[in-house]
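Residues in the sequence shown are numbered consecutively from 60, following the numbering used here.
The beta carbon of each residue, even a glycine, is placed where N, CA and C say it ideally should be.
Nothing here was measured: the structure is a model prediction, and the numbers come from that model.
Here is the structure we will look at.
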Amino acid sequence: MPTTDRKRGRINLNADERRDISIQFRVNKEEFEYLKSLVEASGLERGHYIRREILKAEPVVKRKMPEVNQKTYIQLSAIGNNINQATKKLNGNEYFE
């Protein structure tokens, strides 16, 4: 039998390629069954499929409301509260002070 210096087993990955951070998330039974069907249809392992789908997607960037709009929203909300209070008094036959 010829001998070789080749090592057997899994090839070691360098630090940049190694995936040593674990992320966990929870799903309900219906979501799990749906994910399971997608994984089976893809022919990939679950981790490979999820990683591929997440990393290829465009990130959803939540835009912050401009400060001017925030101030206007707060004022509009206060006006709405005043209208609701007046309507409640009118519908309840109450008098304004």
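From what residue to what residue does the alpha helix (DSSP H) around GLU120 run?
As a position in the sequence shown, residue 120 is number 61, starting the count at 1. Rather than Glu, the amino acid found at residue 120 in this sequence is Val. No alpha helix (DSSP H) contains VAL120, which DSSP labels as neither H nor E.
Quick check: what's the CA-CA separation for GLU112 versus ARG77?
Here residue 112 refers to the residue found at position 53 when the sequence shown is read from its first residue. Here residue 77 refers to the residue found at position 18 when the sequence shown is read from its first residue. Roughly 19 Å separates the two Cα atoms.
So, helix, strand or coil for GLY139, using DSSP?
Here residue 139 corresponds to residue number 80 of the sequence shown, with the count starting at 1. Residue state, collapsed to three classes: helix.
Given VAL98, which residues of its chain have a CB within under 7 Å of its CB, disregarding the five upstream and five downstream residues?
Indexing the sequence shown from 1 puts residue 98 at position 39. So the list reads ARG105 and TYR108, once near-sequence residues are dropped.
Could you spell out the range, first to last residue, of the alpha helix (DSSP H) harbouring VAL98?
Looking up residue 98 in the sequence shown gives position 39. Here the alpha helix (DSSP H) through VAL98 covers 88-101.
Distance, Cα to Cα, ARG122 vs THR131?
Position 63 of the sequence shown, counting from 1, holds the residue named residue 122. Position 72 of the sequence shown, counting from 1, holds the residue named residue 131. Using only the alpha carbons, I get a separation of about 17 Å.
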